[in-house]
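In the numbering used here, the protein residues as written are 24 to 205.
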């Protein structure tokens, strides 16, 4: 017969482990935010993306959602030089054309976005975001403004926090399995 380990107040260790796992998963999942670019104005001409982007502090694992009419606009992730010139003949990192593009900000760095439809970038459909590690401040840049110096990284490997969180989850799962089969 399997002996149940009881903790204080009659809570079983297995129950405590399950609750801990749920808490860890909630904490890891709660770190990222989803932002609709331009809020209710979406991705279109006539929106002040500097004003929009400075309202937020973007961190690793956040998601930008670009909503627009397919065929009327697009989203290009580009280099800073391409952002400044609005010439997408080079420096394109990625192209998005679905009309509802979700872009995960996977690392702490500066991201630059433009619309490559003729004249749209020069009319202000461009912005940059400085993505930082969770808990650090973020700077943003939109059309016509100069980029501020990047913040020094407090974590030389941007994936360390994510790897530690994943390791804790795996450890809890293994402990849970060991308790179930012991």
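Glycine is no exception: its CB is placed at the ideal position from the N, C-alpha and C atoms.
Alpha carbon of residue i to alpha carbon of residue j, nearest angstrom
i: residue 77; j: residue 125; result: 20 Å
i: residue 107; j: residue 144; result: 9 Å
i: residue 91; j: residue 154; result: 23 Å
i: residue 105; j: residue 111; result: 6 Å
i: residue 68; j: residue 149; result: 10 Å
i: residue 62; j: residue 127; result: 17 Å
Residue from the options whose Cα sits closest to the Cα of residue i
i: residue 122; options: 99, 134 and 57; result: 99
i: residue 101; options: 65, 128 and 151; result: 151
i: residue 57; options: 64, 67, 68 and 88; result: 88
i: residue 85; options: 91, 105 and 60; result: 60
i: residue 66; options: 157, 156 and 136; result: 136
i: residue 130; options: 81, 97 and 148; result: 81
i: residue 132; options: 95, 103, 97 and 147; result: 103
i: residue 147; options: 120, 96 and 63; result: 96
Coil, strand or helix - residue i by DSSP
i: residue 82; result: strand
i: residue 66; result: coil
i: residue 59; result: strand
i: residue 73; result: helix
i: residue 127; result: strand
i: residue 8; result: As displayed, the chain neither begins before 24 nor continues past 205, which places residue 8 out of reach and without an answer.
i: residue 155; result: strand
Environment of residue i [buried if 16+ CB atoms lie within 10 Å]
i: residue 141; result: exposed
i: residue 13; result: With the chain covering 24 to 205 only, the question about residue 13 has no answer from this structure.
i: residue 83; result: buried
i: residue 139; result: buried
i: residue 70; result: buried
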